Structure formats: C-alpha cells, structure tokens
Amino acid sequence: MELIGLANYAIFMGILIGIYALLALGLNIQWGLTGLFNAGIAGFFAVGAYASAIITSPHVAGRVGGFELPIVVGWMGAIVFAGLIAWPIGKVCLRFRSDYLAIATIGVAEIIRLVIKSEDWLTGSSRGITGIPRPFGELDYVASQLAYLGLVIAAVAVVYFLLERQLKSPWGRMMRAIRDNEAAAAAMGKQIEARRLQAFIFGAAVMGLAGALFVHFNRSITPEAIDPMIATFLIWIMLILGGSGNNRGAILGAIVIWLLWSVSEMITDRLPTDVALQAKYIRIFVVGLALQLVLRFRPEGILPEEQARQTAR
Amino acid sequence: MKLKSTAALIGSIIGASLLAATPAHAQNVKIGLLSGITGPIAAMAPPMIAASQLAVAHVNEQGGIGKGGKLEVVVGDSACNPQNATDAATKAVNIDRAVGIVGPACSGAVLAAANSVAVPAGALLITASGTSPQITSINDKDLVFRTVPSDDYQGRALARTLKGRDITKVAVAFLNNDYGKGLAEAFKAEFESLGGTIAGYSGHEGSKASYRSDLAELAKGGADTLVIFDYGDGTGLTILRQALENNFFKTFIGADGMKSDAVIRELGADNLGTFFTSSPVGEASSSLESFNKAFTAAGQSPDAIFTTTSYDAAFLMALAIEKAGGDNAKLAESLRAVSSAPGEPIMAGEWAKAKKLIAEGKDIDYKGAAGDHEFDKNGDVPGTYAFFKVSGGTYESLGEMK
Chain A
84 MELIGLANYA
94 IFMGILIGIY
104 ALLALGLNIQ
114 WGLTGLFNAG
124 IAGFFAVGAY
134 ASAIITSPHV
144 AGRVGGFELP
154 IVVGWMGAIV
164 FAGLIAWPIG
174 KVCLRFRSDY
184 LAIATIGVAE
194 IIRLVIKSED
204 WLTGSSRGIT
214 GIPRPFGELD
224 YVASQLAYLG
234 LVIAAVAVVY
244 FLLERQLKSP
254 WGRMMRAIRD
264 NEAAAAAMGK
274 QIEARRLQAF
284 IFGAAVMGLA
294 GALFVHFNRS
304 ITPEAIDPMI
314 ATFLIWIMLI
324 LGGSGNNRGA
334 ILGAIVIWLL
344 WSVSEMITDR
354 LPTDVALQAK
364 YIRIFVVGLA
374 LQLVLRFRPE
384 GILPEEQARQ
394 TAR
Chain B
10 MKLKSTAALI
20 GSIIGASLLA
30 ATPAHAQNVK
40 IGLLSGITGP
50 IAAMAPPMIA
60 ASQLAVAHVN
70 EQGGIGKGGK
80 LEVVVGDSAC
90 NPQNATDAAT
100 KAVNIDRAVG
110 IVGPACSGAV
120 LAAANSVAVP
130 AGALLITASG
140 TSPQITSIND
150 KDLVFRTVPS
160 DDYQGRALAR
170 TLKGRDITKV
180 AVAFLNNDYG
190 KGLAEAFKAE
200 FESLGGTIAG
210 YSGHEGSKAS
220 YRSDLAELAK
230 GGADTLVIFD
240 YGDGTGLTIL
250 RQALENNFFK
260 TFIGADGMKS
270 DAVIRELGAD
280 NLGTFFTSSP
290 VGEASSSLES
300 FNKAFTAAGQ
310 SPDAIFTTTS
320 YDAAFLMALA
330 IEKAGGDNAK
340 LAESLRAVSS
350 APGEPIMAGE
360 WAKAKKLIAE
370 GKDIDYKGAA
380 GDHEFDKNGD
390 VPGTYAFFKV
400 SGGTYESLGE
410 MK
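Top line first, the protein sequences correspond to chains A and B. This note's numbering runs 83 ahead of the 1-based position in the first sequence. This note's numbering runs 9 ahead of the 1-based position in the second sequence.
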C-alpha cells in the first residue's frame with residue numbers, strides 16, 4: 084500500500100514537473116536564447132489555460148463558451164491564443180531592454196490577471212471555470228493519473244525535440260548572435276526587431292500549452308492559479324538554477340525546484356505540530372537559498388549553455 | 010541469476026509492505042488538514058487549524074477511533090492556490106494514507122483538490138471555508154461536503170433583512186475574490202427582486218492604502234447605506250475607516266467577514282453605532298457555547314472567522330470514520346447518517362456519547378457549533394444567520410435573519 088501511495092505521489096509530481104518544465108522551456112526561448120527578460124509568464128500561462136477551458140467546457144449562462152470541442156482543439160487554441168496575445172504585447176514592450184522590459188511585462192501579466200478576475204462574460208471572473216473535461220478522466224485514479232503523465236511527458240518531449248532542432252539550426256545561431264551582440268547581428272543584415280518578436284511569441288505559445296495542460300489536469304481554473312509567485316518567479320528560479328540557454332537545464336531546474344518545494348514540506352511535517360506550521364514557510368526560504376547558492380557558486384546554472392562552455396575553454 | 014534474486018527481493022518487499030498495511034486491531038486513522046498557511050489568507054488560517062485540532066483532541070481524549078485507535082492529523086499547506094492545494098492533497102492521500110481531507114480553505118483550492126485528487130482517489134473532503142457556489146456543482150460522487158453555507162444563502166438573507174428594516178437604497182462595495190463577489194451577486198439579485206435600488210456597485214482589489222476614490226464614486230449614487238463584503242481584519246477595515254472619516258455614508262452593513270474584533274478595536278465601539286453585520290450562527294446554541302468555552306480554554310478566540318465550521322468539519326469527519334468502522338468506501342454514506350435527522354442529538358465535544366451510541370448501532374444526529382449540518386444532495390448546508398450590532402465593545406445579536 085505504501086509503495087502504491089509513493090508511486091501515486093511520484094506520478095502527480097511528474098505531471099506538475101512536466102507542466103513547469105514546459106513553462107521553463109518557453110522562458111528559455113525568450114531569455115536563454117534571445118535575452119528577453121519576460122517577467123509576465125503568469126499572463127501567458129493564464130491565457131492558455133483560460134483559452135483551452137473556454138473552448139472545451141460546457142455552457143454556463145452569462146459566459147461565452149459552451150463549445151465543448153475536443154481537448155486537442157483546446158490545446159491548439161491555447162497555443163494560438165497565447166501566441167496571438169503575445170504579438171501586440173511584444174510589439175509594444177520589446178522596444179524596452181532588460182529590466183525595463185521586465186517591469187513592462189510584469190505590468191502586462193497583472194493586467195491580464197485583473198481582466199480575468201473581473202470579466203464575468205469571458206472568464207467567470209473570480210469564480211473561475213469548472214467542469215472542464217480531462218483526458219482519460221473516466222479511468223480509475225491511478226490509471227487516469229498515469230495516462231495524464233504520459234500525455235504531459237509526450238508534450239514535453241515534442242516541445243523539447245522541436246526546440247533542440249531550432250536551437251541547432253541557423254535560426255538558433257542567429258538568435259544567439261542577436262542576444263550576444265545586437266549591433267554585429269544587425270550589421271550582418273539580421274532583422275533584430277522581427278526576430279526578437281518571433282522568439283517572444285514562440286515562447287509565449289509554449290507557456291500557453293503549459294496552461295492548457297494545467298487546467299485539464301485540475302478540471303477547473305480560478306484566478307488564484309495565476310499568482311505571480313507560483314506562476315512567474317518560481318519558473319525564473321527553475322531556469323536560472325537549471326541553466327539558462329540549455330533546454331535540458333530548464334527541465335532539470337523544474338525537477339529540482341519542484342522536488343525542493345514539495346518534498347521539503349514532508350520533512351518539516353515530521354517536526355512537532357506547532358513548529359511544523361511555522362516551518363511551512365521554510366520551503367520558500369529553501370528555494371530562495373538554493374537560488375542564492377547557485378548564483379554565488381555556479382552562476383551559469385547546473386547545466387550551462389553548451390556553446391558558452393566551448394568559448395570559455 | 011542476479012536479476013532473478015533482485016526481482017525476488019523486490020517482490021518480497023512489496024509483499025511485506027502489503028502485509029504490514031493490513032488492518033490491525035488498534036489502528037490509528039489519519040486525516041489531512043489543509044489550510045492556506047502561507048499566502049493571502051495566512052492570517053485567518055491558524056485559528057481555523059486550531060479549531061480543527063481541538064475537535065481531534067476531543068476525539069482522542071474521549072476514546073479515540075475504533076478499538077483504541079487514535080485520530081492522527083497531517084497538516085498541509087494549500088497556500089490558497091490550486092498548485093499547492095493539489096500537491097498537499099496528493100501527499101495527504103497517498104503518502105500519509107489519509108482517508109479524508111478537512112479543507113482546503115480557499116474555493117479555488119477546493120475545486121482543484123476535489124477534482125484532481127479527492128474525488129478520483131475516493132477520499133472524503135469536507136471544507137470549512139470554501140464558500141463558492143461552484144463547489145455545489147462539482148461532479149463529486151458524493152465525496153465533497155462543506156460545513157459552511159454557500160455565499161448564495163447569506164447574500165440573499167442579508168438582502169431580505171435590510172428590506173425588512175426599510176432600507177431600500179444601498180451602495181455595495183465588495184472585495185474582488187470569490188467570497189466578496191459571491192456575496193455581492195447574491196445580495197444584488199435578491200435586493201433588486203424585492204424592489205430595492207442598488208445605487209452603486211463596485212469590486213475593489215485588496216491591500217490598497219486608500220479607497221477614498223472608490224468610496225466617493227459609490228457615494229455619488231445618493232445612498233445612505235454602504236454594504237461591505239470584505240474582511241474586517243483586512244481591506245474591509247480600511248474601507249470602513251475611510252468611509253467614516255470622510256462621512257461618505259451613514260449606515261454600514263457587513264457580512265460574516267466584517268464581524269471581526271479588529272473593527273471594534275481599531276475604530277472604537279462609540280463610532281460604530283450604525284454598523285451592522287450578519288453572521289452564521291449555530292442553531293443548537295448549547296453546542297456553540299460548549300465550543301466557545303473549550304476554544305477559549307485552549308487560548309484561542311472563538312470569534313475568529315470560520316473556526317466553528319472548522320471544528321465541525323473535523324468532528325464530522327471523525328464521526329463518519331467511526332460510523333464507517335474501517336470501511337473507507339462507506340465514509341460518505343456514514344457522514345450523511347451521522348449528520349442528518351432523525352437521531353439522538355450530539356453536541357460539539359460529545360465524542361464519548363457519540364461513540365457509545367454508534368457502537369450500540371443507534372442513529373445519531375450531530376448538531377454542530379456552526380449549525381445543524383443537514384447536508385442536501387450536493388453536500389451543502391443551508392445556513393442560519395443572525396443580524397448583529399455593536400454594543401459595549403462586542404457584537405450583540407439582534408435576532409435571526411429570515
């Protein structure tokens with residue numbers, strides 16, 4: 084019984100890690116590859132989540148939706164809508180650089196969150212959307228969790244494979260060139276603005292897919308899920324710790340941070356009750372500490388970017 | 010050869026652990042207790058947890074579960090968001106083998122934990138503070154219950170009460186979350202259908218320094234009465250203070266979230282002559298009294314929000330476990346049996362009596378600190394509410410609301 088429990092827990096963690104790995108991969112396109120400081124991950128995650136929820140959920144009076152289309156259409160919709168919304172945002176915001184871009188994107192994510200929280204007709208506002216179908220949801224607990232894990236792994240694998248292809252292609256080299264020396268890349272005739280926008284939209288679309296995977300897993304979505312702490316900053320920590328610029332690093336970062344986040348609670352729970360309650364805050368501290376240690380002793384992350392390593396030698 | 014022996018070893022470990030898990034006689038039972046310990050409701054969570062743990066303490070002091078078993082609690086942090094709530098619920102159900110979950114606290118967390126963990130895994134879930142009407146419609150195989158009424162009931166009861174007191178024109182300010190918005194919507198629908206006028210209606214975000222511009226906007230409608238759906242130890246206090254300071258409104262009405270000691274402490278009872286709140290009250294008042302006494306003795310304030318419902322949620326969970334007698338598939342059925350009339354009434358804290366009656370095979374009916382808890386087919390409870398005014402530094406009931 085204990086082993087089955089552990090296995091169930093591991094499957095659940097696998098699903099969430101997969102979802103976070105997708106977010107980290109999306110951020111890796113924007114930051115790792117192109118150098119865009121996007122601090123509005125939660126916004127694109129939310130757009131994807133709500134797009135898929137609206138496309139696939141049953142009708143509710145006073146809210147758009149009731150399309151009840153297949154889940155695959157919902158996922159496609161999530162990718163498309165997250166990408167679409169990234170286009171005007173990118174058009175406006177990408178003229179800023181580094182920390183200014185971060186401030187602008189935080190603002191954008193906050194606008195998206197407030198719109199979602201207030202617009203009844205679109206998102207059900209603070210009550211959210213429920214009754215969202217889950218693939219393989221009619222199976223029993225373990226089988227349905229396993230099947231969903233399979234889906235998530237497949238999604239991560241496909242995205243990873245495509246990204247690796249992109250990274251090794253001339254496009255990937257061009258993006259690195261733009262990131263590392265914009266003036267030189269421009270002198271080589273590269274269209275800086277357009278390429279940066281491309282990477283921004285591409286990354287946002289991957290984040291949208293992660294959002295879609297998340298809502299079908301929970302069968303519901305409320306604005307509480309797009310808290311910046313859990314849907315933006317945690318992902319930044321994952322990417323920086325894992326190694327920005329390296330897709331395997333992004334996935335590894337998601338694994339390490341989520342394990343720290345989840346397993347540290349099990350350790351603090353062994354303490355006496357009064358202390359254990361206060362110790363719940365420790366995991367926030369532990370994650371911060373891990374980030375500090377990595378930044379201090381291994382600023383390039385656990386798995387550094389491959390090309391950077393070659394040039395360093 | 011080596012592979013074979015490894016396989017045999019793994020096989021025997023699995024076999025041994027399966028054997029170890031077969032029920033012994035004096036077996037302890039675990040329940041998960043999830044609350045938003047970190048995150049936006051961190052200030053409300055500790056008294057709620059203490060109330061649930063008081064119920065567990067009562068159970069264990071008065072004979073425990075089954076034949077000498079104890080009720081054990083694993084406290085998990087649902088942090089008021091679905092990510093952490095599903096994580097904590099998965100750990101409680103799978104790692105700690107909890108048979109049921111009390112909590113989580115926030116509605117969004119309840120929806121996620123119920124949909125993706127409790128219902129598929131067949132664990133009973135009783136929330137003490139998830140008030141969103143969406144929880145009613147979860148496809149829950151009869152596993153999701155709550156001891157707190159849906160916001161719909163209270164908002165409507167408050168509208169009828171105001172109408173009964175000849176207040177016909179009000180402005181409504183609500184905190185833009187599931188709690189504030191749920192109440193405001195129900196209130197507005199009922200108040201307007203009774204012929205009242207809503208002269209201003211706006212949601213606000215939490216933790217801002219000033220709400221004067223929101224209040225000025227609301228006051229433009231010409232209403233004398235402001236209805237505030239917010240928390241009295243948070244934003245609601247700021248709004249009430251600024252509305253009083255600037256004389257925007259004359260009368261102030263709040264719901265249970267506003268019935269906080271912080272309001273009286275910060276603003277002074279003298280200034281609150283025109284401040285009224287509604288709040289759920291226990292029908293069987295002796296049950297509420299004994300809870301208040303025990304909770305005060307434990308060093309806590311029974312006036313903190315959702316403490317009575319938290320106590321009842323944990324106590325009902327224990328009763329259901331006792332009644333089911335080790336058969337976890339029967340938990341939901343047992344919960345309905347111990348909570349609904351007819352039956353010998355059981356008050357808060359009367360575990361020994363309940364245990365004896367269950368052992369004798371008699372039907373019992375738990376009458377909790379927060380109310381009767383007659384669950385309807387969706388696992389919801391209709392609330393009983395009273396209307397309160399401020400008097401002598403505390404809240405005094407003006408009678409039940411219809």
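From the three backbone atoms N, C-alpha and C, an ideal C-beta is built for every residue, glycine too. No experiment lies behind these values; they were computed from the predicted model shown.
message: Helix, strand or coil for Met410(B)? Go by DSSP, reduced to three states.
response: Translated into the one-based positions of the second sequence, residue 410(B) becomes position 401. DSSP places Met410(B) in coil when its eight states are reduced to three.
field: Beta-carbon neighbours of Ile46(B), restricted to chain A and to distances below 7 Å
entry: Walking along the second sequence from the start, residue 46(B) turns up at place 37. Correct list: Leu360, Lys363.
query: On the three-pair Cβ rule with 8 Å, is the stretch 99-108 of chain B touching the stretch 34-52 of chain B?
result: yes
message: I want to see whether chain A comes within less than 7 Å of Ser211(B), judged by CB atoms only; does it?
response: In the second sequence, counting from the first residue as 1, residue 211(B) sits at position 202. No - not a single Cβ of chain A is within 7 Å of the one on Ser211(B).
message: Could you pull the DSSP bridge partners for Ile135(B) from this structure?
response: Residue 135(B) sits at position 126 when you count from the first residue of the second sequence. Beta-bridge pairing links Ile135(B) to Val111(B), Phe154(B).
query: Mind checking if Ala378(B) is an interface residue toward chain A, Cβ cutoff 7 Å exclusive?
result: Here residue 378(B) refers to the residue found at position 369 when the second sequence is read from its first residue. Under the Cβ criterion of 7 Å, Ala378(B) is not counted among the residues facing chain A.
task: Could you work out which residues of chain B lie near Ile367(A), taking near to mean beta carbons separated by less than 8 Å?
output: Along the first sequence, read from residue 1 onward, the residue named residue 367(A) stands at position 284. Those are Thr47, listed as they occur along chain B.
message: Here's the rule: buried if 16 or more other CB atoms are within 10 angstroms of the residue's CB, otherwise exposed. What is Pro32(B)?
response: Locating residue 32(B) in the second sequence gives position 23, counting from the first residue. Annotation note: pLDDT 45 at Pro32(B) (below 50); position unreliable, coordinate value reported separately. Pro32(B) is exposed by the Cβ-count criterion.
message: Suppose contacts are defined by Cβ-Cβ distances below 7 Å. Is Ala327(B) in contact with Val68(B) by that definition?
response: Counting from 1 along the second sequence, the entry for residue 327(B) is found at position 318. Counting from 1 along the second sequence, the entry for residue 68(B) is found at position 59. Going by C-beta atoms, Ala327(B) is nearer than 7 Å to Val68(B).
Cutoff 7 Å: Ile350(A) Cβ touching any chain B Cβ: Along the first sequence, one-based indexing puts residue 350(A) at 267. So no, Ile350(A) is outside the interface.
field: Where Ser240(B) falls: helix, strand or coil (DSSP)
entry: Working through the second sequence from its first residue, we reach residue 240(B) at position 231. For the sequence presented, residue 240(B) should be read as Tyr rather than Ser. Looking at Tyr240(B) - three-state DSSP - the assignment turns out to be coil, as it is neither helix nor strand.
- prompt: When you compare only the Cα positions, how much space is there between Phe396(B) and Tyr404(B)?
  reply: Walking along the second sequence from the start, residue 396(B) turns up at place 387. Walking along the second sequence from the start, residue 404(B) turns up at place 395. CA-CA distance, Phe396(B) to Tyr404(B), rounds to 10 Å.
message: Quick test of your reading: Lys79(B) and Gly73(B), contact by CB under 8 Å. State the CB separation rounded to the nearest angstrom.
response: In the second sequence, the residue the question calls residue 79(B) occupies position 70. In the second sequence, the residue the question calls residue 73(B) occupies position 64. Yes, Lys79(B) and Gly73(B) are in contact; Cβ-Cβ is about 5 Å, under 8 Å.
message: Taking CB distances under 7 Å as the criterion, tell me whether Ile313(A) reaches chain B.
response: What you label residue 313(A) is simply residue 230 of the first sequence in a count that begins at 1. Cβ-Cβ to chain B under 7 Å: yes for Ile313(A).
message: Gly377(B) and Gln163(B) - do their beta-carbons sit closer together than 7 Å?
response: For the purposes of this step, residue 163(B) is taken as the residue at position 154 of the second sequence. For the purposes of this step, residue 377(B) is taken as the residue at position 368 of the second sequence. Not in contact: Gln163(B) and Gly377(B) (Cβ atoms no closer than 7 Å).
field: For Val155(A), the three-state DSSP class (helix, strand or coil)
entry: Along the first sequence, one-based indexing puts residue 155(A) at 72. In the structure shown, Val155(A) sits in a helix (DSSP, three-state: H, G or I).
Contact set for Gly408(A): own chain, Cβ-Cβ below 6 Å, skip 5 residues either direction: No statement about residue 408(A) is possible, as the shown extent of chain A runs from 84 to 396 and does not include it.
- prompt: For the putative contact between Ala282(A) and Ile275(A), defined by C-beta atoms under 8 Å, what is the C-beta separation to the nearest angstrom?
  reply: Looking up residue 282(A) in the first sequence gives position 199. Looking up residue 275(A) in the first sequence gives position 192. Not a contact, Cβ separation roughly 11 Å.
query: Nearest CA to the CA of Leu105(A): which residue from Leu245(A), Ile261(A), Glu348(A), Arg262(A)?
result: Walking along the first sequence from the start, residue 105(A) turns up at place 22. With distances taken between Cα atoms, Leu105(A) lies closest to Leu245(A).
message: Could you give the first and the last residue of the continuous beta strand (DSSP E) run that contains Asp187(B)?
response: Position 178 of the second sequence holds residue 187(B). Per DSSP, Asp187(B) belongs to no beta strand (DSSP E); it is in the alpha helix (DSSP H), 187-202.
message: Any contact between the stretch 303-312 of chain A and the stretch 203-211 of chain A? By contact I mean 3 or more CB pairs, one from each, below 8 Å.
response: With three or more CB-CB distances shorter than 8 Å, the stretch 303-312 of chain A counts as touching the stretch 203-211 of chain A.
field: Coarse secondary structure for Pro391(B), derived from DSSP in three states
entry: For this step, residue 391(B) is matched to residue 382 along the second sequence. Here Pro391(B) sits in coil by DSSP.
query: Can you name the residues of chain B whose CB is closer than 8 Å to the CB of Glu151(A)?
result: Within the first sequence, numbered from 1, the residue matching residue 151(A) stands at position 68. Here the premise fails: no neighbours, minimum Cβ distance about 15 Å.
task: Indicate whether at least one CB of chain A lies closer than 7 Å to the CB of Gly20(B).
output: Position 11 of the second sequence, counted from the first residue, corresponds to residue 20(B). Residue placement at Gly20(B) cannot be trusted, given a pLDDT of 48 that sits under 50; what the coordinates show is reported in the next sentence. For Gly20(B), the answer is no, since every Cβ of chain A falls outside 7 Å of its Cβ.
field: Test: His34(B) CB closer than 7 Å to a CB of chain A
entry: What you label residue 34(B) is simply residue 25 of the second sequence in a count that begins at 1. Residue confidence is low: His34(B) scores 46 on pLDDT, short of 50, so the model does not pin down where it sits. No coordinate-derived value is stated.
message: Using the Cβ count rule (16 or more neighbours within 10 Å means buried), how would you classify Lys363(A)?
response: Here residue 363(A) corresponds to residue number 280 of the first sequence, with the count starting at 1. Classification of Lys363(A): buried, given that the 10 Å Cβ count is 16 or more.
message: Can you find the residues in the same chain that come closer than 8 Å, C-beta to C-beta, to Met96(A), ignoring five residues on each side of it along the sequence?
response: The residue given as residue 96(A) occupies position 13 in the first sequence. If we look at Met96(A) and ignore the five residues flanking it on each side, its Cβ neighbours are Trp341, Leu342, Ser345.
task: Can you give me the Cβ contacts of Gly214(A) inside the same chain, cut-off strictly under 6 Å, excluding the 5 residues immediately before and after it?
output: Here residue 214(A) refers to the residue found at position 131 when the first sequence is read from its first residue. Within the same chain, Gly214(A) has close Cβ partners Ser140, Pro141.
query: Quick check: the stretch 153-163 of chain B against the stretch 127-142 of chain B, are there 3 or more CB pairs under 8 Å?
result: The answer is yes - the stretch 127-142 of chain B touches the stretch 153-163 of chain B, with three or more Cβ pairs under 8 Å.
message: Just to confirm before moving on: does the CB-CB distance between Ala169(A) and Gly131(A) stay below 7 Å?
response: Taking the first sequence and counting its residues from 1, the one referred to as residue 169(A) is at position 86. Taking the first sequence and counting its residues from 1, the one referred to as residue 131(A) is at position 48. No.
message: If you reduce the DSSP assignment to three classes, tell me which class Glu226(B) lands in.
response: Position 217 of the second sequence holds residue 226(B). Note: Glu226(B) maps to helix in three-state DSSP.
field: Ala54(B) beta carbon near the ligand PLP (any heavy atom closer than 6 Å)
entry: Looking for the ligand PLP in the displayed structure turns up nothing, as the structure carries no ligands at all.
- prompt: Since Tyr183(A) is in the alpha helix (DSSP H), which residue starts that stretch and which ends it?
  reply: In the first sequence, the residue the question calls residue 183(A) occupies position 100. Counting along the chain, the alpha helix (DSSP H) containing Tyr183(A) begins and ends at 181-201.
query: By a C-beta neighbour count over all protein chains shown, 10 Å radius and 16 as the cutoff for buried, is Met171(A) buried or exposed?
result: In the first sequence, the residue the question calls residue 171(A) occupies position 88. Sequence inspection shows Pro at residue 171(A); the Met mentioned does not correspond to that position. With fewer than 16 Cβ atoms within 10 Å of its Cβ, Pro171(A) is classed as exposed.
task: Kindly provide the ranges of any beta strand (DSSP E) runs that are 3 or more residues long and lie completely inside the stretch 318-350 of chain B, ordered along the chain.
output: none
message: Do Ala166(B) and Val181(B) have their beta-carbon atoms positioned less than 7 Å apart in this structure?
response: The residue labelled residue 181(B) in the question sits at position 172 within the second sequence. The residue labelled residue 166(B) in the question sits at position 157 within the second sequence. Not in contact: Val181(B) and Ala166(B) (Cβ atoms no closer than 7 Å).
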